[in-house]
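> My structure is below; once you've seen it, I'll send some questions.
Number of protein chains: 2
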Amino acid sequence: MRRLTASFWFRTLANSVISVIIVYKNCVCRGVCHGTGVRMKLMAVTLAKIAELAGVSRGTVDRALNNRGRVDPQVAERIKKIAKEHDYQPNRAGKALALAKNPIKIGVILQSASTAFMRLVLEGIDYACESLGEHGAQVLVRTIDGIDAEQELRLIDELLELGIGGLAIAPVNDPQIHDKLTRVTARIPVVTFNSDMPGCGRMCFVGQDTTASGRCCAGLMNMLLGGKGKVLVITGHPSNLSHMCRSEGFMEEIRTAFPGIELLPLEKCYDRDEIAHEIVCDTLRSHTDLSGIFVSANGQVGVCRALGELGMDDRVRVICYDITPQNVENVKNGAIDFLIGQDSFAQGTRPAQILYDYLFTGAKPKKELLLTAIEIKTRYNL
Amino acid sequence: MRRLTASFWFRTLANSVISVIIVYKNCVCRGVCHGTGVRMKLMAVTLAKIAELAGVSRGTVDRALNNRGRVDPQVAERIKKIAKEHDYQPNRAGKALALAKNPIKIGVILQSASTAFMRLVLEGIDYACESLGEHGAQVLVRTIDGIDAEQELRLIDELLELGIGGLAIAPVNDPQIHDKLTRVTARIPVVTFNSDMPGCGRMCFVGQDTTASGRCCAGLMNMLLGGKGKVLVITGHPSNLSHMCRSEGFMEEIRTAFPGIELLPLEKCYDRDEIAHEIVCDTLRSHTDLSGIFVSANGQVGVCRALGELGMDDRVRVICYDITPQNVENVKNGAIDFLIGQDSFAQGTRPAQILYDYLFTGAKPKKELLLTAIEIKTRYNL
DNA sequence: TTGAAAGCGGTACCAT
DNA sequence: ATGGTACCGCTTTCAA
């Protein structure tokens, strides 16, 4: 056990007396001291303290630790060593306050913003605006209704001109955007969310593992059907990779793990309720023994309506996505058996937070793919 | 639409030019401005600004807004009016920094700290220590192995002497503790977590709705069994209210909603794996057609081991609690079908955060019962 | 290359 | 009852 060079005010359980004791390094994790029955955040070392120890001014320490240049390499070395020994962590409040003059600016661009799902994501984004706003950052949000690469390109430029230090983007799947982002990532950190864009140099992606979530639904469908029956899979638009991956994951898992279940040919509803409605009606005409429907995209409402009209809502099991008010309603009234969530709130908050942390402290996320939880909801836990 | 008295620097999408425009109150929500395609945190008003507008000093404004007395009632009134008009919100960074001299102290007491589940809660508590520590607060944590009312009483006193401004506690279910907390809540805010103690004056409770989670499991069991079969329910210790409520909720829901399922008499394993193991072996001897087991307490490992030894793990469906490493392992190898989580991390972080918010800004939680999510996990989404 | 000093937004203490 | 001021920890600018 190595001693820390500093000691801390600390209270021991045994004698119940405040006393200065030595804290050993091996029981300190992320700044929290773990003792028997006792854990607390340790006293923090400040810039001024380090300056004092190094015999220089605060300004010099600041320049050294933040590699701002204009400091003797030897001195810088010494300062860094001292900072490390004392596990110096800049005080967030102090830093945030000082940054109030010219706040860190973070851009957020969201496409398809008017869909029910993205409205949930926007709640998370608003929360990030608010909370990061209180911590010396400014979050600039731009939304696009629908999918429009041209407009997204314009918004990227607009935000860059405003001087953002980082960009969070739900990218339109388009080569132009890919090109653009490749150039942007050379200058500032970029986090993709909701849908990824690998190979453009983004720092990380926040969103769901779509294939895994499709497989998860296959497992649930198997349970619902007791291992046998006919299942209809409805997906959205062939160009929407997320939706396609969900249905692929679902079908793949059914085929390999649950051979007792028969898959009808994949149908596409192009995210339209009316088309989904029609597909369900048509299918039930030719397959009166249909036992399950998996909807990987939008169109859930149309599916439920069709089943309701045909009086089949308790004979046909339904699994679909997104914890929107309409879907919640349909789970509660029994039309939907399982509803799958993808932690929309986290998809809204995390990207901005990640960029903030990176720009504020230099800390990168531990993983490149930050997969949001696959939330399983029934009428009992919504 | 009422105009705000202030206007803000703002960028319009249409002309792409930075300009001063009027922001209307009805599009401002929690300090975030919602415009067409644009949302951002608004410029904040400071104490100094208000002092200037009111023609007084910052000190006076501070005293007036925080009701510290020593200020002319008329002047105080005027200051408050101005603050309200400008939607003054104290800057968190500034406040946190000023508080660094004598930080807000928050006490946390956790019982049964060495159980696998509580270890997960402790991760959340550590996170709170760390993050609140960076925001001008100090979190003092005390843990108890097992359940010991006497020790908990001592720890409450210890923390009170240390000058905590709020207490988060997982209370031992004991009249002494109830008495003690009733006295504590008269002085400082108290948040209970994991297990509640109604009637002691606590500000709120953070934890699961145990009955609802039991019902949720009933719904899942019904799906697993396709509406029929014999089910064994194993609970822990009769004195543990949470575990009893889970089994009650489960059995109640099965009886009322799923009459096709037969419930065997409730068994108790006193949270011991060996006893759970024996119960399973015994039951399978007299009921070879057993189709499901619901474990509402600890003992899950014993159950899985018994089923494995008897080669019944894929004939008998198992639902149990807590996302511990051992249970995760058993879900992955197929011994457990559904694992139910109760957001242990939130149970660790939220109580301290709630107390911090209250002591820092005066904001109380919106609800008295903050129920953590009922998380449904299968081998596909762990 | 280095230091000194002026903030950032609050709080607290001391004069008046 | 009120104003002035030092200070919390860090950044930034300006002198030296």
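Chains as they are written, first to last, in numbering that gives the first Met the number 0: chain E, 0 to 381; chain G, 0 to 381.
Every residue gets a Cβ at the ideal spot worked out from N, C-alpha and C, and that includes glycine.
Given the structure is predicted, the values throughout are model-derived calculations rather than measurements.
1. Which bits of chain G does Leu159 (chain E) rub up against, with CB to CB less than 7 Å?
2. How is the alpha helix (DSSP H) around Phe116 (chain G) delimited, first residue to last?
3. Is Gly228 (chain G) closer than 8 Å to Gly165 (chain G) when the C-beta atoms are compared?
4. What's the C-alpha gap between Glu277 (chain G) and Met250 (chain G)?
5. Check the Cβ-Cβ distances between Cys319 (chain G) and every residue of chain E, and say whether any is below 8 Å.
6. Excluding five sequence neighbours on each side, which residues of the same chain lie with their C-beta closer than 6 Å to the C-beta of Glu252 (chain E)?
7. Between E:Asp270, E:Leu369, E:Gly54, E:Tyr126, which has its C-alpha nearest Ser295 (chain E)'s C-alpha?
8. Looking at the unbroken beta strand (DSSP E) that takes in Phe344 (chain E), where does it start and where does it end?
9. Note down, in chain order, all residues in the stretch 112–136 of chain G with a beta-carbon under 7 Å from any beta-carbon belonging to chain E.
10. Please state whether the Cβ-Cβ distance between Ser343 (chain E) and Gly123 (chain E) is less than 8 Å.
11. With Glu273 (chain E) as the anchor, note down where its alpha helix (DSSP H) starts and where it stops.
12. Closer than 7 Å, Cβ to any Cβ of chain G: which residues of the stretch 47–65 of chain E, in chain order?
13. Can you tell me the Cα-Cα spacing of Val190 (chain G) and Met202 (chain G), whole angstroms?
14. Name the chain E residues whose beta carbon is nearer than 7 Å to that of Met222 (chain G)?
15. Express the C-alpha separation of Arg186 (chain G) and Tyr357 (chain G) in angstroms, rounding to a whole number.
16. Once you ignore the five residues that flank Thr377 (chain G) on each side, which residues in its own chain have a CB closer than 8 Å to its CB?
17. With a cut-off of 8 Å, does the C-beta of Leu309 (chain E) fall near any C-beta of chain G?
18. Find the nearest neighbour of Thr323 (chain E) within the set E:Ser130, E:Thr287, E:Arg67, E:Thr114, judged by alpha-carbon distance.
19. Three or more C-beta pairs under 8 Å: does that hold for the stretch 101–121 of chain E against the stretch 133–141 of chain E?
20. So, Ile81 (chain G) versus Glu151 (chain G), is the Cβ gap smaller than 8 Å?
21. In three-state DSSP terms, what is Arg141 (chain G)?
22. Give me the Cα-Cα distance between Gly226 (chain E) and Leu381 (chain E), rounded to the nearest whole angstrom.
23. Rounding to the nearest angstrom, what Cα-Cα distance links Glu84 (chain E) and Arg77 (chain E) in this structure?
24. In angstroms, rounded to a whole number, what distance separates the CA positions of Ser6 (chain G) and Ser130 (chain E)?
25. If distances are taken between C-alpha atoms only, which option among G:Leu289, G:Leu354, G:Gly347, G:Val232 comes closest to Asn297 (chain G)?
26. Determine the extent of the beta strand (DSSP E) in which Phe192 (chain E) is found, giving its start and end residues.
27. Nearest-angstrom Cα distance between Asp272 (chain E) and Gly361 (chain G)?
28. Return the chain-ordered list of same chain residues with a C-beta closer than 6 Å to the C-beta of Leu370 (chain E), the five sequence neighbours on each side being excluded.
29. Does chain E have any CB closer than 8 Å to the CB of Asn329 (chain G)?
30. Ignore the nearest five residues each way along the sequence and tell me which others in Met311 (chain G)'s own chain have a CB closer than 7 Å to its CB.
31. What does the alpha-carbon distance come out to for the pair Lys365 (chain E) and Thr59 (chain G)?
32. Just checking my contact of Thr234 (chain G) with Met222 (chain G) at CB under 8 Å: how many whole Å lie between their CB atoms?
33. Just curious, the alpha helix (DSSP H) that Cys303 (chain G) is in, first and last residue?
34. Which residues in chain E sit within 7 Å of Ile176 (chain G), going by Cβ to Cβ distance?
35. Quick one, are the C-beta atoms of Arg38 (chain E) and Val31 (chain E) less than 8 Å apart?
36. I'd like the span of the beta strand (DSSP E) that includes Val317 (chain E), first residue to last.
Quick look at the numbers:
1. Position 160 of the first sequence, counted from the first residue, corresponds to residue 159 (chain E). None at all; the shortest Cβ gap to chain G is about 12 Å.
2. Counted from its first residue, the second sequence places residue 116 (chain G) at position 117. Residues 115–132.
3. As a working mapping, residue 165 (chain G) is identified with position 166 in the second sequence. As a working mapping, residue 228 (chain G) is identified with position 229 in the second sequence. Cβ atoms of Gly165 (chain G) and Gly228 (chain G): not closer than 8 Å.
4. The count along the second sequence starts at 1 and reaches residue 277 (chain G) at position 278. The count along the second sequence starts at 1 and reaches residue 250 (chain G) at position 251. Rounded to the nearest angstrom, the gap between the Cα atoms of Glu277 (chain G) and Met250 (chain G) is 22 Å.
5. Along the second sequence, read from residue 1 onward, the residue named residue 319 (chain G) stands at position 320. Not one beta carbon of chain E lies nearer than 8 Å to the beta carbon of Cys319 (chain G).
6. Position 253 of the first sequence, counted from the first residue, corresponds to residue 252 (chain E). Within the same chain, Cβ atoms closer than 6 Å to the Cβ of Glu252 (chain E) are found at Arg214, Ala217, the five residues on either side in sequence being excluded.
7. For this step, residue 295 (chain E) is matched to residue 296 along the first sequence. Looking only at E:Asp270, E:Leu369, E:Gly54, E:Tyr126, the smallest Cα-Cα distance to Ser295 (chain E) is reached by E:Asp270.
8. Locating residue 344 (chain E) in the first sequence gives position 345, counting from the first residue. Unbroken run through Phe344 (chain E) is the alpha helix (DSSP H), 343–360; no beta strand (DSSP E).
9. Answer set for the stretch 112–136 of chain G: Asp125, Cys128, Glu129, Gly132, Glu133, His134, Gly135.
10. Here residue 343 (chain E) is taken as the residue at index 344 of the first sequence, counted from 1. Here residue 123 (chain E) is taken as the residue at index 124 of the first sequence, counted from 1. In contact: Ser343 (chain E) and Gly123 (chain E) (Cβ atoms closer than 8 Å).
11. For the purposes of this step, residue 273 (chain E) is identified with residue 274 of the first sequence, where counting begins at 1. Taken as a continuous stretch (DSSP letters only), the alpha helix (DSSP H) holding Glu273 (chain E) covers 272–285.
12. Under the 7 Å Cβ criterion, the stretch 47–65 of chain E contributes no residue.
13. Taking the first residue of the second sequence as position 1, residue 190 (chain G) is located at position 191. Taking the first residue of the second sequence as position 1, residue 202 (chain G) is located at position 203. Distance from the CA atom of Val190 (chain G) to the CA atom of Met202 (chain G), rounded to whole angstroms, is 6 Å.
14. Numbered from 1 along the second sequence, position 223 holds the residue referred to as residue 222 (chain G). For Met222 (chain G), the residues of chain E that pass the 7 Å Cβ criterion are Met222, Leu223, in the order they occur in the chain.
15. For this step, residue 357 (chain G) is matched to residue 358 along the second sequence. For this step, residue 186 (chain G) is matched to residue 187 along the second sequence. In this structure, the alpha-carbon of Tyr357 (chain G) lies about 14 Å from that of Arg186 (chain G).
16. Position 378 of the second sequence holds residue 377 (chain G). Excluding five sequence positions before and after Thr377 (chain G), the CB atoms of its chain that fall closer than 8 Å to its own CB belong to Val330, Asp336, Phe337, Leu338, given in chain order.
17. Residue numbering aside, residue 309 (chain E) sits at position 310 when the first sequence is read from its first letter. Judged by the 8 Å Cβ criterion, Leu309 (chain E) is not in contact with chain G.
18. In the first sequence, residue 323 (chain E) corresponds to position 324, counting from 1. Nearest of E:Ser130, E:Thr287, E:Arg67, E:Thr114 to Thr323 (chain E), Cα basis: E:Thr114.
19. With the cut-off at 8 Å, the stretch 101–121 of chain E and the stretch 133–141 of chain E touch.
20. In the second sequence, the residue the question calls residue 81 (chain G) occupies position 82. In the second sequence, the residue the question calls residue 151 (chain G) occupies position 152. Glu151 (chain G) is positioned such that its CB atom lies no closer than 8 Å to that of Ile81 (chain G).
21. The residue labelled residue 141 (chain G) in the question sits at position 142 within the second sequence. Reduced to three states, the DSSP call for Arg141 (chain G) is strand.
22. Here residue 226 (chain E) is taken as the residue at index 227 of the first sequence, counted from 1. Here residue 381 (chain E) is taken as the residue at index 382 of the first sequence, counted from 1. About 26 Å.
23. Within the first sequence, numbered from 1, the residue matching residue 84 (chain E) stands at position 85. Within the first sequence, numbered from 1, the residue matching residue 77 (chain E) stands at position 78. Between Glu84 (chain E) and Arg77 (chain E), the C-alpha separation is close to 11 Å.
24. Along the second sequence, one-based indexing puts residue 6 (chain G) at 7. Along the first sequence, one-based indexing puts residue 130 (chain E) at 131. A caution first: Ser6 (chain G) carries a pLDDT of 26, below 50, which makes its placement in the model unreliable, though a value can still be read off. Ser130 (chain E) has its alpha-carbon roughly 22 Å from the corresponding atom of Ser6 (chain G).
25. By one-based count along the second sequence, residue 297 (chain G) stands at place 298. Relative to Asn297 (chain G), the option among G:Leu289, G:Leu354, G:Gly347, G:Val232 whose CA is nearest is G:Val232.
26. Position 193 of the first sequence, counted from the first residue, corresponds to residue 192 (chain E). Segment 189–192, the beta strand (DSSP E) holding Phe192 (chain E).
27. For the purposes of this step, residue 272 (chain E) is taken as residue 273 along the first sequence, with counting starting at 1. For the purposes of this step, residue 361 (chain G) is taken as residue 362 along the second sequence, with counting starting at 1. Spanning the two alpha carbons is a distance of roughly 46 Å.
28. Here residue 370 (chain E) is taken as the residue at index 371 of the first sequence, counted from 1. Counting only Cβ-Cβ distances below 6 Å, and skipping sequence neighbours, we find Asp208.
29. The count along the second sequence starts at 1 and reaches residue 329 (chain G) at position 330. So, not an interface residue.
30. Within the second sequence, numbered from 1, the residue matching residue 311 (chain G) stands at position 312. Taken in chain order, the residues that qualify are Leu283.
31. Working through the first sequence from its first residue, we reach residue 365 (chain E) at position 366. Working through the second sequence from its first residue, we reach residue 59 (chain G) at position 60. One C-alpha to the other measures close to 47 Å.
32. Counting from one through the second sequence, the residue named residue 234 (chain G) turns up at place 235. Counting from one through the second sequence, the residue named residue 222 (chain G) turns up at place 223. Going by Cβ atoms, the distance from Thr234 (chain G) to Met222 (chain G) rounds to 22 Å, so no, they are not a contact pair.
33. One-based indexing of the second sequence puts residue 303 (chain G) at position 304. Counting along the chain, Cys303 (chain G) sits inside the alpha helix (DSSP H) bounded by residues 299–308.
34. Residue mapping note: residue 176 (chain G) aligns to position 177 of the second sequence, counting from 1. Neighbours of Ile176 (chain G) on chain E: none; closest Cβ ~17 Å, over 7 Å.
35. Here residue 38 (chain E) is taken as the residue at index 39 of the first sequence, counted from 1. Here residue 31 (chain E) is taken as the residue at index 32 of the first sequence, counted from 1. Yes, the Cβ-Cβ distance between Arg38 (chain E) and Val31 (chain E) is below 8 Å.
36. Translated into positions along the first sequence, residue 317 (chain E) becomes position 318. Residue range 316–320 is occupied by the beta strand (DSSP E) that includes Val317 (chain E).
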